[in-house]
Each structure stands twice: as C-alpha cells, then as structure tokens.
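Student: My structure is below; once you've seen it, I'll send some questions.
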Amino acid sequence: MKRDSQSSVPDLSSSTLIGMAKKADPAFRFFLVVGGLASIVTTVYKYGVSPSTVVFGIVVLIFFGIIVVVFRQIAALKAKDLRLPALILVYFALLLIMAAAITLFVGAYFDAGVFPTQHTIIMTMRPPTEEMSAEEAYKLGLQLWVGPNANYKEAFRYFTIAADKDYPSAFGQIGWMYELGLVPTGADCTKAMELYRKGYSKGVTNTAWNIGRLYDIGCGVPRDNHLARCWYERAQANGLPEATRDLNAMRDQGRLESATCPPL
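The numbers in the working numbering rise by one with no breaks, and the one at position 68 of the sequence shown is 82.
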C-alpha cells in the first residue's frame, strides 16, 4: 500500500495559523487582562495611590487593549490572502511590542534602569514632596543622579528634601553638585565647602576627601597644601582610594608638607 507522502508534512498554511490564533484568543486575552491588572497593582503597591498612578493604570489598560484589538484583527488578514512569511512578521512584531512593554515595566518596578523612561516614571509616580521621608527622597535622588539619562535638576530637588530633613548623606551629595555647577544657581565652591563640612560633622566621613580637594585646588577657599594633606589623610584613614591617589600626586609634585595637622 502506497503511503501518502504529504500526510506527514505539517500544515503551516496561513489558514492554519489563523485558526490557531482564533483558538488561542481567549487565553491570550486572559493573559493580557491579568498582566495589565498585575502591572497596576504592583505600581500602586510600590508608589502609592495618587493621580499619577491612576493615569498610569489607564495607560496600561489602553496599551493592553490595543494589543488585544491588533491580535484579534489578524484573523481578518485571511481575506487578503496573506502569505506565510508576512504572517510570521506580523506575529513577530506583536511579540516584540509585548517584550518591550514587559521589559519596561520590570525595569521600572525593580529600578533596573532598562529604559530611559524609568526616570520619568520616578518623577511621575513619586514627585518630590515634603511628605516623603528623608531616606526615600535621598534614594530617589540617587536614581536620578546616575546613568545615561540622569536628570540633575530633579535629583537636586530630591536631595534638597532629604537635606531639609537633616539626612547626613544628602549634604555631601548637594555639595558635590554645587562644586560641579549642577545646580540652578551654578557652581559655588564656598557653598560646597559649607555642605561638605556639615556632612562630615554628621558622620559622612567620605566628605573629608571633598574638603581636602577644595583646599588642594583652591576652590572656594585659599589653596592650602597643608590642610589638603590633612583632610586627604583623614579620608585615606577611612579607606577612600581617591585620597591615596591625590596624596601620591601631591608627593610627586613636591607639595606634601609634614607639619602637624590642626584639629579638623
């Protein structure tokens, strides 16, 4: 008996794929609804209830709704006699959009910085207010401070809230921004020195290096090799490698004085 050679060949026609899409449609819609609701619940849990989270929730639902509509329209492509390669491209584009959306949400929730919009989400979901805790304001400021999409203006606002609540590390961070001129009023080494000293007095020992650096370059204060060395040595004692580097540089330049350090 002759065996039909075509019986073992899987049917990969566009009609078959469209039929598979129709069968998968209920499960696909369920997945999108659950995913959309999970995104909203997670957002509210992490950022709290606010007008921003409501708007974000609406955007998420609209986005998933668009995906559902696009997916369901694939069946209508049969009438246009869509070829197999073109149909695969449609599915691939749809999956690419879903992957981008999932990556965006995961990156935002876990502060992974996967997409530039993470910072926009931070500022939208947790705008700087006096009600937030000093620690939260400082951590959000750090997230806006680093990375290719850093927003120094907004970071300064969060750090300022933390400093107003007497959060020690915020003083050093704002001092660094004043030194680099990353504040609305421009560079101000005198203000930077004031903030570094305040941070140091509150136990932020790393600012000893910042203070020494200002004395080393004469920014905001008269250049003073002696005080620069003293502050660098204090920072070095706290394990800061930058202090060791700068002390070595002063030694190579013949600027390392051996006089006794005054009380710091």
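No residue lacks a Cβ here, since even glycine has one placed at the ideal position from N, Cα and C.
When we look at the beta-carbon of S183 and count the other beta-carbons within 10 Å, is it buried (16 or more) or exposed?
Tutor: buried
Student: Indicate whether A242 and M264 have their beta-carbon atoms separated by less than 8 angstroms.
Tutor: yes
Student: Where are the alpha helix (DSSP H) runs, 4 residues long or more, that stay fully inside the region 209–239, in chain order?
Tutor: 221–231
Student: Tell me whether the beta-carbon of G155 lies closer than 8 angstroms to the beta-carbon of A164.
Tutor: no
Student: Let's see if you can read the secondary structure: which residues bound the alpha helix (DSSP H) around E256?
Tutor: P255 to D266
Student: Using the Cβ count rule (16 or more neighbours within 10 Å means buried), how would you classify G268?
Tutor: exposed
Student: Taking 8 angstroms as the cut-off, decide whether the C-beta atoms of L196 and Y166 are in contact.
Tutor: yes
Student: How many whole angstroms separate the CB atoms of E280 and C233, which I take to be in contact at a CB cut-off of 8 angstroms?
Tutor: It is not possible to answer for residue 280, since the shown part of the chain is limited to 15 through 278.
Student: In whole angstroms, give me the CA-to-CA distance for V128 and N239.
Tutor: Summary for V128: the model assigns pLDDT 44, below 50, so the residue's position carries little reliability; its value from the coordinates is reported in the next sentence. Cα-Cα distance, rounded: 44 angstroms.
Student: For S19, which residues of its own chain have a beta-carbon under 8 angstroms away from its beta-carbon, when the five flanking residues on both sides are left out?
Tutor: Reliability fails at S19, whose pLDDT of 47 lies under 50, so the model's placement of it is uncertain and the value that follows must be treated cautiously. Taken in chain order, the list of residues that qualify is empty.
Student: Alpha carbon to alpha carbon, how far is M191 from D180?
Tutor: 17 angstroms
Student: The alpha helix (DSSP H) with A148 in it runs from where to where?
Tutor: A148 to W159
Student: Do you know offhand how far S147's Cα is from L51's?
Tutor: The alpha-carbon atoms of S147 and L51 are separated by roughly 28 angstroms.
Student: Counting C-beta neighbours from all protein chains within 10 Å, is the total for L261 16 or more, i.e. buried, or is it exposed?
Tutor: buried
Student: Evaluate I76 with the Cβ neighbour count: other Cβ atoms within 10 Å of its Cβ, from every protein chain shown; 16 or more gives buried, anything less gives exposed.
Tutor: exposed
Student: Would you mind giving the Cβ-Cβ distance between T221 and G186, rounded to the nearest angstrom? I have them listed as a contact below 8 angstroms.
Tutor: 4 angstroms
Student: If you draw a straight line from the C-alpha of A251 to the C-alpha of S272, how long is it?
Tutor: In a straight line, the C-alpha of A251 is about 17 angstroms away from that of S272.
Student: Tell whether a beta-carbon distance below 8 angstroms holds between N224 and G189.
Tutor: yes
Student: Less than 6 angstroms between C-beta atoms, sequence neighbours within five positions excluded: which residues of the same chain meet that for D202?
Tutor: These residues qualify, in order along the chain: Y192.
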